[in-house]
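Colleague:
Number of protein chains: 2
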Amino acid sequence: MPKVTITEVARRAGVSAMTVSRVVNNTGMVRPETRERILRVIAETSYRPNGIARSLITQKTMTIGLVVPDLTNPFFPDVVRGAEDQAFEGGYTLYISDIAELPAREERVLERFEASRVDGVIVCAPRLPDERLAELLSGHPAAVVINREAPPKVAGTVANDDTYGAMRAVHHLLQSGREHIGMLAGPPASRAGRLRSRGYENALSASGHEMKSGWLEPCESNEHGGYNGFKRLLKRHKNLQAVFGYNDLVALGALQAAQEMGLRVPEDIAIIGYDDIRMAALATPALTTLRVDRYGLGAEAFKMLLIRISGKQPPAVLLRPELVVRQSA
Amino acid sequence: MPKVTITEVARRAGVSAMTVSRVVNNTGMVRPETRERILRVIAETSYRPNGIARSLITQKTMTIGLVVPDLTNPFFPDVVRGAEDQAFEGGYTLYISDIAELPAREERVLERFEASRVDGVIVCAPRLPDERLAELLSGHPAAVVINREAPPKVAGTVANDDTYGAMRAVHHLLQSGREHIGMLAGPPASRAGRLRSRGYENALSASGHEMKSGWLEPCESNEHGGYNGFKRLLKRHKNLQAVFGYNDLVALGALQAAQEMGLRVPEDIAIIGYDDIRMAALATPALTTLRVDRYGLGAEAFKMLLIRISGKQPPAVLLRPELVVRQSA
DNA sequence: AACCAAAATGGTAGCGCTAACATCATGGAT
DNA sequence: ATCCATGATGTTAGCGCTACCATTTTGGTT
Numbered sequence: 001m002p003k004v005t006i007t008e009v010a011r012r013a014g015v016s017a018m019t020v021s022r023v024v025n026n027t028g029m030v031r032p033e034t035r036e037r038i039l040r041v042i043a044e045t046s047y048r049p050n051g052i053a054r055s056l057i058t059q060k061t062m063t064i065g066l067v068v069p070d071l072t073n074p075f076f077p078d079v080v081r082g083a084e085d086q087a088f089e090g091g092y093t094l095y096i097s098d099i100a101e102l103p104a105r106e107e108r109v110l111e112r113f114e115a116s117r118v119d120g121v122i123v124c125a126p127r128l129p130d131e132r133l134a135e136l137l138s139g140h141p142a143a144v145v146i147n148r149e150a151p152p153k154v155a156g157t158v159a160n161d162d163t164y165g166a167m168r169a170v171h172h173l174l175q176s177g178r179e180h181i182g183m184l185a186g187p188p189a190s191r192a193g194r195l196r197s198r199g200y201e202n203a204l205s206a207s208g209h210e211m212k213s214g215w216l217e218p219c220e221s222n223e224h225g226g227y228n229g230f231k232r233l234l235k236r237h238k239n240l241q242a243v244f245g246y247n248d249l250v251a252l253g254a255l256q257a258a259q260e261m262g263l264r265v266p267e268d269i270a271i272i273g274y275d276d277i278r279m280a281a282l283a284t285p286a287l288t289t290l291r292v293d294r295y296g297l298g299a300e301a302f303k304m305l306l307i308r309i310s311g312k313q314p315p316a317v318l319l320r321p322e323l324v325v326r327q328s329a
Numbered sequence: 330m331p332k333v334t335i336t337e338v339a340r341r342a343g344v345s346a347m348t349v350s351r352v353v354n355n356t357g358m359v360r361p362e363t364r365e366r367i368l369r370v371i372a373e374t375s376y377r378p379n380g381i382a383r384s385l386i387t388q389k390t391m392t393i394g395l396v397v398p399d400l401t402n403p404f405f406p407d408v409v410r411g412a413e414d415q416a417f418e419g420g421y422t423l424y425i426s427d428i429a430e431l432p433a434r435e436e437r438v439l440e441r442f443e444a445s446r447v448d449g450v451i452v453c454a455p456r457l458p459d460e461r462l463a464e465l466l467s468g469h470p471a472a473v474v475i476n477r478e479a480p481p482k483v484a485g486t487v488a489n490d491d492t493y494g495a496m497r498a499v500h501h502l503l504q505s506g507r508e509h510i511g512m513l514a515g516p517p518a519s520r521a522g523r524l525r526s527r528g529y530e531n532a533l534s535a536s537g538h539e540m541k542s543g544w545l546e547p548c549e550s551n552e553h554g555g556y557n558g559f560k561r562l563l564k565r566h567k568n569l570q571a572v573f574g575y576n577d578l579v580a581l582g583a584l585q586a587a588q589e590m591g592l593r594v595p596e597d598i599a600i601i602g603y604d605d606i607r608m609a610a611l612a613t614p615a616l617t618t619l620r621v622d623r624y625g626l627g628a629e630a631f632k633m634l635l636i637r638i639s640g641k642q643p644p645a646v647l648l649r650p651e652l653v654v655r656q657s658a
């Protein structure tokens, strides 16, 4: 059976479409008896207002597009959950798109969102180059990016405070008496890598340790990279007491290398990772690391989006990660 | 700046809106020069057809609603990916909703999808009671449920073949020479539990082992349940040689109990789980288990939905899980 | 040059709803 | 009885687009 329209409901209730509209949207005034009669007809016909038609005139769709690089990466479902909870509460529906790490798909998805006239978009860790990203975002009424910068006119930013996290890690190391601290800095091209390296340097210089070169070792962002990087670092500095890894995988690689070389962790070498992936807790010794507030990232991004939709431009939000102290440091 | 409309494009190109429409949708015939001129104007104005207005008249939104119980459960992102890949290819956009395991939210989401006039919905492992679910699904033009039955008029079904999987597990155990095989059957209310128990019974009776009572032990669906269930089972049957767990967590619990009691796995007791969660591969010994084709579940559900949208009612699809032989059996 | 099928374009209406205004009832104050 | 603020309802128009049909142009044929 075809869907019942507002006109049909109006006809059956013996009123005009406007009166039905007023009842459905709870706006304007309607005599209680009339309202009741209309509600009865609505129930009988199981009428559902056509959101499409409504959107056409109100110029609002109450939908938000959310782009995530990869839902099978356990980082992102938490972000989604944060956004989804906010959306649900605010009466918004989310178009979630998993682009499977493909920039081309990110592009297409953003275009489709535009055709769908979403009220705004949130892009999580965009994979597109700055320029193209800005271009695509500017087609939307409002936008927020997570863990990436964007021109303030085009999009707001919510990000993890990488610099703070790194400082926190290094402080912890210093407090436990280590002086000679190296960093496995990840790939030079990585934004997070740069920010975390900066935090590492800040923490050291703030506590009076002058930065000497050769303690910041670039590496691939996986276990292999950590494994090799650690060996290079140790070869260069026999007095190495602690290592801060670009991420948990790198730290785990370093851990493995240390153990193979007969070093005790944390007695001989302290190790700290970043991200708190599940494997971090499972390692032996369990990895001390920094936990990013993923849920908060999603929730804050959504809140900021609503503010931007209303025309304001709030400053960037930086969420501080939490140091999770386990056994490795 | 406000969005450019088709009328504005038409005006600038010196043609009627219809001609622009024909170019945009690639329908009907337009002289090459005219087409080019229009395309130029479209590019200049970065015109994006308003999908809302289009949907209102075509009565199609090219959107599909997808409901998942919990994206932070690693099972579901793979399902989503399967559906998303199909959707993307077919030009559809997905409304994905993570209901955080809340039936009330499932209800609300399904209603909102109806208001959005999605062309169809896929509900993954619905949390709603049969009757209410059927009611809500029947409001949609088409529907498919994953891992759950529904009236064929209301929704199609794509499911993992639990019975087959259980039979496969038990066969494997029998082939390796175990005769006295118990099952930790999970909660009695669980649909998967019942189907897997049936497969267990089928496999045993098919190979001439008569089913005696007391070998099918209900338990909670977590490690704790498996741990306690195993102890009860072993107390009752000293000759226990193998255990098939309702899911991996249960099997892992059993594994722990066995090891604590000094039993060697798999030498003294063979253990098989179900689901192949990440932890299964990480356990010592690594857990033999059944891997559900999660991606296939999502992909097949989407394909079936398209068929149902076209008015047909294809039979249910059962996807066979794969036995992943590791060390525990 | 007249003709005509096909190609190319335009006009009109309406999808289902609501913004904005117009109209009509109601009942207390005068 | 008259007035009018307020409450309650209806009318009109139009959001941006496309289905459907009407009209005009084009490039051969005769």
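Residue numbers (the numbering used here), protein chains in the order written: chain L, 1 to 329; chain Y, 330 to 658.
The beta carbon of each residue, even a glycine, is placed where N, CA and C say it ideally should be.
I'd like to know if E114(L) contacts chain Y, where contact means its C-beta is closer than 8 Å to some C-beta of that chain.
Modeller: So, interface residue.
Colleague: How about N379(Y): is its C-beta nearer than 8 Å to some C-beta of chain L?
Modeller: Chain L contact via Cβ: present.
Colleague: Give the straight-line distance between the Cα atoms of Q86(L) and E539(Y), rounded to the nearest whole angstrom.
Modeller: Q86(L) and E539(Y): Cα-Cα distance of roughly 55 Å.
Colleague: Under a CB-based cut-off of 8 Å, is F88(L) close to chain Y?
Modeller: Taking Cβ atoms only, chain Y reaches closer than 8 Å to F88(L), which makes this a yes.
Colleague: L400(Y) touches chain L at which residues, Cβ-Cβ below 9 Å?
Modeller: Those within 9 Å of L400(Y) in chain L are L71, F76, P77, D78, V80, R81, E84, I96.
Colleague: Examine chain L for any beta-carbon lying closer than 8 Å to the beta-carbon of S384(Y), and answer yes or no.
Modeller: With 8 Å as the cut-off, S384(Y) counts as an interface residue toward chain L.
Colleague: Does DSSP classify V15(L) as helix, strand or coil?
Modeller: Note: V15(L) maps to coil in three-state DSSP.
Colleague: Please tell me whether L611(Y) has its Cβ less than 8 Å away from any Cβ of chain L.
Modeller: Closer than 8 Å to some Cβ of chain L, the Cβ of L611(Y) qualifies, so yes.
Colleague: Check whether the Cβ of T45(L) lies closer than 8 Å to any Cβ atom in chain Y.
Modeller: Cβ-Cβ to chain Y under 8 Å: no for T45(L).
Colleague: Sort out for me which residues DSSP pairs Y95(L) with in a bridge.
Modeller: The partner list for Y95(L) (beta bridge, DSSP) reads G65(L).
Colleague: Nearest by alpha-carbon distance to A281(L): which of Q327(L), Q256(L), L318(L), Q259(L) is it?
Modeller: With distances taken between Cα atoms, A281(L) lies closest to Q327(L).
Colleague: Exposed or buried, which one is A43(L) when buried takes at least 16 other CB atoms within 10 Å?
Modeller: Label assigned to A43(L): exposed.
Colleague: If we define contact as Cβ-Cβ less than 8 Å, is G139(L) a contact residue for chain Y?
Modeller: Taking Cβ atoms only, chain Y reaches closer than 8 Å to G139(L), which makes this a yes.
Colleague: Under 7 Å Cβ-Cβ, which residues of chain L neighbour R655(Y)?
Modeller: In chain order: nothing, as chain L lies at least about 17 Å away.
Colleague: If you measure beta-carbon to beta-carbon, which residues of the segment 430-454 of chain Y are closer than 9 Å to chain L?
Modeller: Hits within the stretch, in order: R434, R437, V438, E440, R441, F442, E443, A444, S445, R446.
Colleague: Alpha carbons only, please: which of Y624(Y), P516(Y), M496(Y) is nearest the one belonging to S550(Y)?
Modeller: Measuring from the Cα of S550(Y), the nearest candidate turns out to be P516(Y).
Colleague: With a floor of 4 residues, list each alpha helix (DSSP H) that falls wholly inside the segment 460-528 of chain Y, ordered by position along the chain.
Modeller: Runs of the alpha helix (DSSP H) inside the segment 460-528 of chain Y: 491-504.
Colleague: Please state if the CB of G380(Y) and the CB of S116(L) are separated by a distance shorter than 8 Å.
Modeller: Result yes, Cβ atoms of S116(L) and G380(Y) sit closer than 8 Å.
Colleague: Can you have a look at I96(L) and say buried or exposed, based on whether 16 or more other CB atoms are within 10 angstroms of its CB?
Modeller: Buried, because 16 or more other Cβ atoms sit within 10 Å of the Cβ of I96(L).
Colleague: What distance in whole Å lies between the Cβ atoms of D78(L) and T401(Y), which are believed to be in contact at a cut-off of 8 Å?
Modeller: Right, the Cβ-Cβ distance comes to about 6 Å (below 8 Å), so this counts as a contact.
Colleague: Taking Cβ to Cβ, would you say Y274(L) is nearer than 8 Å to T289(L)?
Modeller: Contact flag set, yes.
Colleague: Secondary structure at V359(Y), three-state DSSP: helix, strand or coil?
Modeller: Here V359(Y) sits in coil by DSSP.
Colleague: Under a three-way DSSP split, which group does D604(Y) fall into?
Modeller: D604(Y): strand per DSSP, three-state reduction.
Colleague: Apart from the five residues on each side of it in sequence, which residues of its chain come closer than 6 Å, Cβ to Cβ, to D605(Y)?
Modeller: Answer for D605(Y): T618, R620, V653, listed in chain order.
Colleague: Provide the residue span of the beta strand (DSSP E) that contains I451(Y), from first to last.
Modeller: Its beta strand (DSSP E) spans residues 449-453.
Colleague: Tell whether a beta-carbon distance below 8 Å holds between L466(Y) and A484(Y).
Modeller: For L466(Y) and A484(Y), yes; Cβs fall inside 8 Å.
Colleague: Let me see if you follow: with CB-CB separation under 8 Å, is T5(L) close to chain Y or not?
Modeller: Output row for T5(L): interface = no.
Colleague: Hey, would you say I636(Y) sits closer than 8 Å to P643(Y), going by beta carbons?
Modeller: Yes. Within cutoff.
Colleague: So, is the C-beta of T322(Y) closer than 8 Å to a C-beta in chain L?
Modeller: A query on residue 322(Y) cannot be resolved here, the shown segment of chain Y reaching from 330 to 658 and no further.
Colleague: Start and end of the alpha helix (DSSP H) containing L249(L)?
Modeller: Unbroken alpha helix (DSSP H) run through L249(L): 248-260.
Colleague: So with Cβ pairs under 8 Å, would you call T288(L) a contact of chain Y?
Modeller: False, the Cβ-Cβ gap to chain Y never drops below 8 Å.
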